[in-house]
Structure formats: structure tokens, C-alpha cells
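Quick note: the sequence shown, position 208, residue 208 per UniProt numbering, numbers continuous.
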Amino acid sequence: MKLIPFAILSTLVIGVLLLTASQFSAYALEFAHKTMWGEKGVAQGQFNQVSGIGVDSEDNVYVSDFAGYTTKMIQKFTPNGTFILGFGTFGNGPQYFTNPAGIAINSNNSVYIADFGNPTYAIKEFTSNGTFIRSIGGFGLGPGLFINPGGVGVDKEDNLYATDFGENNNVQKFDPNGFYVMSFGSPGIGNGQFNNPADVAVDSNNNIFVSDSSNNRVQKFDQNGNYLMKFGTFGSGNGQFKAPIDLAIDPANNVYVSDSDNNRIQVFDNNGNYITQFGNTGALHERIEDPVGIALDSQGDVYVADGKDTDIHVFSPIP
1 MKLIPFAILS
11 TLVIGVLLLT
21 ASQFSAYALE
31 FAHKTMWGEK
41 GVAQGQFNQV
51 SGIGVDSEDN
61 VYVSDFAGYT
71 TKMIQKFTPN
81 GTFILGFGTF
91 GNGPQYFTNP
101 AGIAINSNNS
111 VYIADFGNPT
121 YAIKEFTSNG
131 TFIRSIGGFG
141 LGPGLFINPG
151 GVGVDKEDNL
161 YATDFGENNN
171 VQKFDPNGFY
181 VMSFGSPGIG
191 NGQFNNPADV
201 AVDSNNNIFV
211 SDSSNNRVQK
221 FDQNGNYLMK
231 FGTFGSGNGQ
241 FKAPIDLAID
251 PANNVYVSDS
261 DNNRIQVFDN
271 NGNYITQFGN
281 TGALHERIED
291 PVGIALDSQG
301 DVYVADGKDT
311 DIHVFSPIP
């Protein structure tokens, strides 16, 4: 689909408790489907298979193309979907991609991309202009090594966290220079264990949230990787998941989860209490078919990468 601006075609009215730096304030919040952009193809602004999405401090949007091959596999857009630049091509070297997946952006607007299909050079770091900086991690089962790197996140100190969707089934932490710090998690279904951890996000208190995709739950850890709690079970009800993939956290530390097989975004407070869902109602063109990536900008707009329709949906909060 070409860039299609919409009026407020549908709204989802929810009550959200928001925490500011100084006080609690509660007010009604509406999410409106604002716009959508992107279409299938190999030209600028087109995608073969969207995967990850991230937003920098200037509200520019970065989208990874999981199967872009000879096209630019990472594309940068303005908030309204105007193409700015593309970088990264198919290949096996440190600066090349096989299957770019999760995206995270640090305070300096450096862009981290997990390369799901190329664990030898697991995580790539680029400037916001697409200049290659370094690769982080390698292939294997030990510290700092990956089988299938999937999701990435950063904390307020610009430490990097990355999930291993493969045999390691863990989360690894690297310092801002790309040096290994620690890892946590192991294969399994118990507390603190993972079955295909898809993404990781860190709140303002340095609590770490991990989407435990095949266990259909989200787990919360402290900054040292100690297990704190979990939320979600398999199903289609409120607070249930079918293959949760991507995560995002807003300034109030609410947690947004792309519930991929339920075709929706769910929102929870920091303790895992269900707040609302959106993306699965309204006109057909407003609905998300396969939400594989999610990111928030400074205005609270929610950007969702739809893996089935190969486009980007934008939802806006209306106070």
C-alpha cells in the first residue's frame, strides 16, 4: 500500500494510569488509527518482509526487512513514512545482513540490529546515517555467543541486551562498547527459563522484560538478571498470548506487547496487570494481521510492523 493518511476512523477508549516523574495522574486515553505506510516491493520505502522497528530521539523510524536480500535491508523514515535513507545489504561480513530482525536505538541514536540468520556477526551497530560501527557477539553456546539472535534493547546507561532465539534460550548483556557483561536464562518452562525469547526491553528503573514467545508469557527481571515475576498464559483472552514477539515501554513504564498470533497489541502496567488492547478492531485496513515489531515515539504514537501485510501501522493516543 502507498502512504494512506486517515482521519480518525476508529478509536479505542481505555483508562490508563500514567506515572509522571513527580506524581500519579489518571486520565482517559484514546488510541486512534492514524495512518499506515509501506508496501511490498524492492524500491525505496517498500519491503519484502518487515520485521523489527525502532524510533530514535528525533522520532525517525527504522524498519528492518527480514528478507530484503539485494535491497537496503534497513530503511529510515520520517514519522509520516517519508523515506530518508537505506543501509545494509545482503551478505556474510560484519556489516552485512542475512535476516535482520529486532532493532534498538541508544541515547546517541546509534542503531543496533539483531541479524537472526548470521550469528557469526550477531548484532550490528550503525550510526543514524547508516555508517557501520561494529558487530557484537559471535556464533556458539558460550558467553557473548548466539545461535539465533532475535531481539535487542538498551537501558538508560546504553548497555545493550540481546535475546538468543536459538539453543541458548537466554538474554545477554553488553556494555556500550560491545563487551560482554553477563547473561541470564536457560531453556525450559520454569521461572527465569525461556523457550524462544523473542525480544527484550528495559524500563526506567532498569527492570528487564523479556517476551518468552513459545512459553506465551512475558517475564520481568531486575538489572542483575534475577527473576521477579511473569504474566500471561496461552489463549486469546485479555492478558493472554499466542506467540508474543516484540516489546516496548512508555515513559510511565507501561509495557506494550505485540501478540502476534492474536493480531493485536496488548498493554500492561509495570506489574503485569492488563490495561487494554488495540489493532484487532475497526475497518479492515486498520487491523493488524501479524504484529512482529512495535515502537513508540516521543508523542506516544505507536508504530507497528505488520509481517503479513508488509506495512507499518501508526496509532495515536488522544487525551
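Yeah, the Cβ is synthetic: ideal placement off N, Cα and C, and Gly gets one too.
task = Please check the pair Val171 and Val200, which I expect to be a contact at CB under 8 Å, by giving their CB distance rounded to whole angstroms.
result = Working through the sequence shown from its first residue, we reach residue 171 at position 171. Working through the sequence shown from its first residue, we reach residue 200 at position 200. Right, the Cβ-Cβ distance comes to about 5 Å (below 8 Å), so this counts as a contact.
key: Per DSSP, cross-strand counterpart(s) of Met229   = For the purposes of this step, residue 229 is taken as the residue at position 229 of the sequence shown. Lys220.
task = Under 6 Å Cβ to Cβ from Phe241, same chain only, skipping five residues before and after it: list those, please.
result = Here residue 241 refers to the residue found at position 241 of the sequence shown. Within the same chain, Phe241 has close Cβ partners Asn216, Gly232 and Asp259.
message = Quick check on Phe77: buried or exposed, where buried means 16 or more other Cβ atoms within 10 Å of its Cβ?
response = For the purposes of this step, residue 77 is identified with residue 77 of the sequence shown, where counting begins at 1. Buried.
request  = Going by CA-CA distance only, name the one from Asn205, Pro317, Asp115 and Lys72 that's closest to Asn92.
outcome  = Walking along the sequence shown from the start, residue 92 turns up at place 92. For Asn92, the nearest C-alpha among the options comes from Asp115.
request  = On a CA-only basis, which of Gly188, Asp203 and Asn206 is nearest Ser214? Give me that one, please.
outcome  = Position 214 of the sequence shown, counted from the start, is the residue given in the question as residue 214. Among Gly188, Asp203 and Asn206, the Cα nearest to that of Ser214 is on Gly188.
ask   = Among residues of its own chain, excluding the 5 on either side of Gln95, which ones have a beta-carbon nearer than 6 Å to its beta-carbon?
value = What you label residue 95 is simply residue 95 of the sequence shown in a count that begins at 1. Closer than 6 Å at the Cβ level, and outside the excluded window around Gln95, lie Phe132.
ask   = In whole angstroms, what separates the C-alpha of Asp311 from that of Phe87?
value = Counting from 1 along the sequence shown, the entry for residue 311 is found at position 311. Counting from 1 along the sequence shown, the entry for residue 87 is found at position 87. Asp311 and Phe87: Cα-Cα distance of roughly 18 Å.
request  = Check Thr98 in the structure and name its three-state DSSP category.
outcome  = Here residue 98 refers to the residue found at position 98 of the sequence shown. It is coil, neither helix nor strand.
key: Beta-bridge partners of Asp306, as assigned by DSSP   = As a first step, residue 306 is located in the sequence shown; it is residue number 306 there, counting from the start. Asp306 pairs with Pro291 and Asp311.
query = Where Gly237 and Phe315 are concerned, what is the direct C-alpha to C-alpha distance, given to the nearest angstrom?
reply = Taking the first residue of the sequence shown as position 1, residue 237 is located at position 237. Taking the first residue of the sequence shown as position 1, residue 315 is located at position 315. Looking at the two C-alpha atoms, the distance is approximately 22 Å.
key: Neighbour-count burial assignment, Gln266, 16 or more Cβ in a 10 Å radius   = Position 266 of the sequence shown, counted from the first residue, corresponds to residue 266. Buried, because 16 or more other Cβ atoms sit within 10 Å of the Cβ of Gln266.
Nearest candidate by alpha-carbon position, reference Ile103, set Asn169, Val255 and Ile294 = Within the sequence shown, numbered from 1, the residue matching residue 103 stands at position 103. For Ile103, the nearest C-alpha among the options comes from Ile294.
Nearest neighbour of Gly68, chosen from Gly225, Ala252 and Pro100 [CA to CA] = Here the question's residue 68 lines up with position 68 in the sequence shown. Comparing Cα-Cα distances from Gly68 to each of Gly225, Ala252 and Pro100, the minimum goes to Pro100.
task = Over the uninterrupted beta strand (DSSP E) stretch that includes Ser258, give me the two end residues.
result = Here the question's residue 258 lines up with position 258 in the sequence shown. Counting along the chain, the beta strand (DSSP E) containing Ser258 begins and ends at Val255 to Asp259.
request  = Kindly indicate the opening and closing residues of the beta strand (DSSP E) around Ala252.
outcome  = Within the sequence shown, residue 252 is the residue found at index 252, counting from 1. No beta strand (DSSP E) contains Ala252, which DSSP labels as neither H nor E.
ask   = Under three-state DSSP, which class holds Pro319?
value = Locating residue 319 in the sequence shown gives position 319, counting from the first residue. Pro319 falls in the coil class under three-state DSSP.
key: DSSP bridge partner residues for Lys124 (one or two, in chain order)   = Here residue 124 is taken as the residue at index 124 of the sequence shown, counted from 1. DSSP output for Lys124 lists Ile113 and Ser135 as bridge partner(s).
inquiry  = By alpha-carbon positions, which one of Gln44, Gly38, Gly166 and Gly54 ends up nearest to Asn195?
reply    = One-based indexing of the sequence shown puts residue 195 at position 195. Selected option, being the one with the closest Cα: Gly166.
message = Between which two residues does the beta strand (DSSP E) holding Gln172 run?
response = On the sequence shown, position 172 is the one that residue 172 refers to. Val171 to Phe174 is the extent of the beta strand (DSSP E) around Gln172.
ask   = Out of curiosity, what's the CA-to-CA distance linking Gly45 and Glu125?
value = Sequence index remark: in the sequence shown, residue 45 carries index 45 (1-based). Sequence index remark: in the sequence shown, residue 125 carries index 125 (1-based). Those two C-alpha atoms are separated by around 22 Å.
query = Whole-angstrom Cβ separation of Thr82 and Phe90, contact assumed at under 8 Å?
reply = For the purposes of this step, residue 82 is identified with residue 82 of the sequence shown, where counting begins at 1. For the purposes of this step, residue 90 is identified with residue 90 of the sequence shown, where counting begins at 1. Their Cβ separation, rounded to whole angstroms, is 25 Å, which puts Thr82 and Phe90 out of contact at 8 Å.
request  = State whether the segment 46 to 64 contacts the segment 267 to 285, with contact taken as three or more CB pairs (one from each stretch) at a distance under 8 Å.
outcome  = no
inquiry  = Just to confirm my understanding: we take Asn129, look at its own chain, exclude 5 residues before and 5 after, and list those with CB closer than 6 Å. What are they?
reply    = On the sequence shown, position 129 is the one that residue 129 refers to. Within the same chain, Asn129 has no close Cβ partners at all.
ask   = Given that a residue counts as buried once 16 or more other Cβ atoms are within 10 Å of its Cβ, and exposed if not, what is Phe24?
value = Here the question's residue 24 lines up with position 24 in the sequence shown. A caution first: Phe24 carries a pLDDT of 27, below 50, which makes its placement in the model unreliable, though a value can still be read off. Answer is exposed; the Cβ neighbour count stays below 16.
query = Do the CB positions of Pro119 and Asn80 come within less than 8 Å of each other?
reply = What you label residue 119 is simply residue 119 of the sequence shown in a count that begins at 1. What you label residue 80 is simply residue 80 of the sequence shown in a count that begins at 1. Their beta carbons are not under 8 Å apart, which means Pro119 does not touch Asn80 by this criterion.
message = Rounding to the nearest angstrom, what Cα-Cα distance links Gly239 and Asp290 in this structure?
response = Here residue 239 is taken as the residue at index 239 of the sequence shown, counted from 1. Here residue 290 is taken as the residue at index 290 of the sequence shown, counted from 1. The straight-line gap from Cα to Cα measures roughly 18 Å.
request  = Within the same chain, show all residues whose beta-carbon is closer than 8 Å to that of Asp306, passing over the 5 residues directly before and after it, in chain order.
outcome  = Numbered from its first residue, the sequence shown carries residue 306 at position 306. Excluding residues within five positions, the ones whose Cβ falls inside 8 Å are Val50, Ile288, Glu289, Asp290, Pro291, Val292, Ile312 and His313.
inquiry  = Using CA atoms only, rank isn't needed, just tell me which of Ser204, Val63 and Met229 is closest to Asn254.
reply    = Here residue 254 refers to the residue found at position 254 of the sequence shown. Checking every option, the nearest Cα to that of Asn254 belongs to Ser204.
inquiry  = Using CA atoms only, rank isn't needed, just tell me which of Val152, Glu157, Ile208 and Gly225 is closest to Arg183.
reply    = One-based indexing of the sequence shown puts residue 183 at position 183. The question names Arg, but residue 183 in the sequence shown is Ser. Taking only the C-alpha atoms, the option nearest Ser183 is Gly225.
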